[in-house]
């Protein structure tokens, strides 16, 4: 799966090679994609190389060679994005939360920051800084609100189809309905991923694993930081 920026860059390189016989310079790529620095181009080039779309050639100026084009660009396609399949690695599809990402999804994607690790088990320290980014299909994201991603640590949500090592996609919100899977911040110090329920003047944070007890906390100790809208799993 390629992000919108990766497709734009691959298309720009392809067009310039077809026109001039040589790839564009990094400065030309930066200007064409309206990026602030060449480091962003380096990251895109690396991602395209890792996915087998381009090859860097040693000891040559502007040493880029296009190996293949995605379906959306091959044959000078002018239409919209063709769907791509995100490959799984198991013989059968594992259970997924209601809003988990389908295996077939549109090629259009957006880079979201992975803000750190979230505990699906014993709460860990609160999340603050982005560690990396991940490509998330636009179809998974709602039109309203900001989104971010978190890497799951622990097994307390396995019965909801959320495993240790999964990446969950979160829409920022401070409110939740009963039964929603949320990022909950406890006492402004600990963050955890749990099902949310209001019980009188308290908040119940419920695991999806019978090995873990439900935590019942005073309402003022719990802040909702976001709601689960998707899940990405690698095999």
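In the numbering used here, the protein residues as written are 462 to 696. The beta carbon of each residue, even a glycine, is placed where N, CA and C say it ideally should be. Just so we're clear, the structure is a prediction, and the values are computed from it rather than from any experiment.
Please tell me whether residue 647 and residue 690 are closer than 8 Å, where the distance is taken between their beta carbons. no
What's the call for residue 500, buried or exposed, on a 16-neighbour Cβ count within 10 Å? exposed
Round the Cβ separation of residue 485 and residue 468 to the nearest angstrom and send it over; I've been treating them as touching at under 8 Å. Actually they do not touch by this definition, with Cβ atoms about 16 Å apart.
What's the C-alpha gap between residue 517 and residue 677? 56 Å
From the DSSP output, which residues share a beta bridge with residue 594? 574
Start-to-end residues for the beta strand (DSSP E) that takes in residue 672: Looking at the DSSP string, residue 672 is not in any beta strand (DSSP E), and its letter there is neither H nor E.
For residue 599, the nearest candidate out of 527, 524, 570 (CA to CA): 570
DSSP three-state call for residue 655: helix, strand or coil? strand
Going by other Cβ atoms of all chains shown within 10 Å of its Cβ, with 16 needed for buried, is residue 655 buried or exposed? buried
Delimiting residues of the alpha helix (DSSP H) encompassing residue 504: 499-511
To the nearest angstrom, how far is the alpha carbon of residue 561 from that of residue 514? For residue 561, the predicted model reports a pLDDT of 43, less than 50, meaning its position is unreliable and no value from the coordinates is stated.
In angstroms with no decimal places, state the Cα-to-Cα distance between residue 597 and residue 666. 27 Å
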